[in-house]
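Q: When we follow our numbering, the leftmost residue of the sequence shown carries the number 57, and every step to the right adds one.
Have a look at the structure that comes next, please.
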Amino acid sequence: MDHEWAVAFRFPGGRYHANPWGRHVNEGDVEWPPSPWRVLRALMATWFHKGPVIREDLLYEEDGEGQGRLEVDQVFDSLVVKLASVLPVYYLPKASRGHTRHYMPGPGHDKSLVFDGFVRLNPEDRVVMAWPGLALTDEERLLLDRILRHMTYLGRAESWVEARLVEWAGIPNCYPIERESVYGSTAEDMEPVAVMAVQSEDQFLAWRDGVREGSRIGGGNTRRGRRGPKIPVTIVEALAVDTSDLEREGWNQPPGSRRVIYLRPYGCFEAKIDNRGGGDEGRGAFHIARFALAGTPLPSRFNAVTVAELFRRALLSRLDKQAPRTITGRDDHQRVLADSHNHAFFLPEDADRDGRLDHLLLYSAEPFTEPLIRVLQSLRKLYTGEQEWRVFLEGLGSRLDQDVAKGMESSLLGPARVWESVTPYLHPWFQKKGGKFGREEQLRKEIRLRGLPEPVLIEWRPFVRVGGRAASVLQFRRFRSKGSSQSQPDRHGGFYHIEFPEPVPGPLAFGYGCHYGLGLFAPVAASWSQPEVQGKSEGTRM
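Written as structure tokens, this is what we have:
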């Protein structure tokens with residue numbers, strides 16, 4: 057491929073925040089690749105704010121009539137028109153999706169929850185954007201280079217960026233669908249995505265004249281008797297219109313813009329994969345996956361078992377007849393596996409402890425199969441028939457240790473020495489006559505069967521905190537949807553505090569329904585690095 061002038065973007069913060077036009081921020085969608093419309097507006101914003109410094113840097117000599125300033129403004133307008141005339145192609149590095157949630161301050165108790173989605177990528181990786189066949193003059197290329205050097209963010213203000221003009225001879229992996237034959241990728245390799253591009257000057261002028269003619273025939277008024285939106289005169293003027301003005305004037309799409317179908321690599325948001333210590337086992341060594349859950353309202357922690365069953369059904373529906381024993385818990389003859397805890401745990405997670413489930417954790421002692429990994433990467437939503445939640449795969453892990461826990465930012469992984477209930481523990485075996493072999497004894501037996509060290513303390517707790525309030529076991533759903541046809545020795549349950557002699561990795565879930573979020577424990581953060589038991593507390597201590 058011939059060398060071309062291209063723009064290389066690097067995001068030092070490792071995040072790119074940009075909400076696609078027309079999508080609400082709480083939908084969690086992210087614009088990827090960065091659209092030509094956004095990039096040209098960013099160039100224009102940088103020029104407007106840093107113009108005097110850039111002019112001084114370019115050493116344009118202004119005469120008494122300001123002729124130098126006029127010339128550089130003409131160069132800028134010409135640059136924008138040329139960049140708008142050619143649809144760019146991209147090279148997108150490996151990335152994954154992430155999000156944060158926070159409440160915007162408001163009067164009294166009126167606080168709005170904001171779901172902030174972003175693309176996560178390596179801070180050293182570059183997004184390359186090239187305009188094939190575009191010819192720039194020396195003045196235009198020099199001006200573009202200086203503007204890029206003064207650009208500090210792309211998208212929202214937290215999307216720090218370093219932009220440079222580079223000479224590039226690479227092969228793009230994201231391009232307009234009309235160029236599919238040029239790069240020869242197959243449909244299986246690529247997925248379509250709508251990208252906001254900019255109209256060429258000819259396209260804009262034709263659109264502008266058509267709108268004006270329609271406005272003249274219609275009297276220039278809206279159906280409510282108000283004047284219609286102001287029509288920009290040039291494509292440069294259209295790019296300069298403030299977003300607040302676009303919204304106030306009722307534009308459903310910015311003037312001068314057009315939506316173009318691009319092809320980008322299938323699975324370009326492939327989750328961050330931690331395979332340290334996995335040797336040559338590669339993708340088959342993954343045992344854990346974490347998903348973000350989005351929607352309004354989010355499900356309550358009290359309904360954790362219901363959400364876990366939805367999670368399992370969603371995976372089974374996509375696996376069809378290829379469902380592995382990892383998910384089904386049954387062999388090829390549909391018999392329950394002898395070691396019933398080697399298959400998957402579907403664990404809802406309330407990471408911020410606000411009482412609402414915001415993540416899903418899938419864990420299996422047996423490694424994930426290739427078909428299962430592909431399904432995990434393609435899962436997009438959970439649906440009850442009345443309520444829908446979107447899901448995003450945030451990470452895959454190859455081992456359960458502290459590095460993976462911190463990398464995934466999960467509240468369920470540990471390792472930790474002290475663990476506490478987040479959902480009720482229901483003992484899986486029937487008690488003996490006289491109340492023998494009760495919950496605590498059964499919990500100790502389960503811990504031994506899982507190969508974990510004998511606890512030094514197990515202590516019953518009357519309640520747990522859910523959203524800052526004390527909650528009893530009676531507030532939790534403690535039955536599976538098919539519970540009436542299943543043997544359930546314990547229909548009440550209890551909460552427990554467990555102390556081990558040494559830190560143990562998670563996730564930890566025990567008892568009836570433990571594969572569906574019941575009997576779930578979370579580490580006590582203060583215990584992660586505590587080397588030994590200190591002090592005394594009531595309970596059974598070994």
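Don't be surprised by glycine CBs; every beta carbon is placed ideally from N, CA and C.
So, for A62: in the same chain, excluding its five sequence neighbours on each side, which residues have a beta-carbon less than 7 Å away from its beta-carbon?
A: Its chain contains V184, M185, A186, V222, W224 as the residues whose beta carbon lies nearer than 7 Å to that of A62, once the 5 sequence neighbours on both sides are disregarded; these appear in chain order.
Q: Enumerate in chain order the residues of its own chain whose CB-to-CB distance from Q123 is below 8 Å, with the five nearest sequence positions on each side excluded.
A: Confidence at Q123 is low in this model, with a pLDDT of 49, below 50, so its placement is unreliable and no value can be given for it.
Q: So for L143, helix, strand or coil by DSSP?
A: coil
Q: Below 8 Å on the Cβ atoms is my contact criterion, and I expect P557 with P471 to pass it. Report the Cβ-Cβ distance as a whole number of Å.
A: Rounded, the Cβ-Cβ distance is 13 Å, inconsistent with contact.
Q: To the nearest angstrom, how far is the alpha carbon of Y439 from that of S467?
A: Taking the straight line joining both Cα atoms gives about 25 Å.
Q: Assign V431 to one of two classes, buried (16 or more other C-beta atoms within 10 Å of its C-beta) or exposed (fewer than that).
A: buried
Q: Using the C-alpha atoms, what's the distance from V251 back to D258?
A: Cα-Cα distance, rounded: 20 Å.
Q: Buried or exposed: which applies to H548, given that a residue is buried once 16 or more other Cβ atoms fall within 10 Å of its Cβ?
A: exposed
Q: So, at 7 Å on beta carbons, what are the nonlocal neighbours of T362 in its own chain, with the 5 sequence-adjacent residues on each side left out?
A: R533
Q: Quick one: using the 10 Å Cβ neighbour count with 16 as the cut-off for buried, is T352 buried or exposed?
A: Per the 10 Å Cβ criterion, exposed.
Q: Who are the Cβ neighbours of I233 in its own chain at under 6 Å, not counting the five residues just before and after it?
A: I317, L319
Q: One question on the structure: do P311 and V292 come within less than 8 Å of each other, judged by their Cβ atoms?
A: No, they are not a contact pair.
Q: For the alpha helix (DSSP H) containing I383, list its first residue and its last residue.
A: That run of the alpha helix (DSSP H) goes 381-384.
Q: Considering only C-alpha positions, which residue in the set F260, S256, Y231, L261 is nearest to E247?
A: Selected option, being the one with the closest Cα: Y231.
Q: Is it the case that the Cβ atoms of G411 and V522 are separated by a distance below 8 Å?
A: yes
Q: Using a Cβ-Cβ cutoff of less than 7 Å, which residues in the same chain neighbour A101 once the five nearest sequence positions on both sides are dropped?
A: none
Q: Helix, strand or coil, according to DSSP, for I503 in the structure here?
A: helix
Q: Give me the Cα-Cα distance between D301 and C570, rounded to the nearest whole angstrom.
A: The straight-line gap from Cα to Cα measures roughly 54 Å.
Q: Taking only three categories from DSSP, how would you classify T102?
A: helix
Q: Determine the direct distance from the alpha carbon of A345 to that of S373, and round the result to whole angstroms.
A: 18 Å
Q: With C-beta atoms as the reference, is D406 less than 8 Å away from V478?
A: yes
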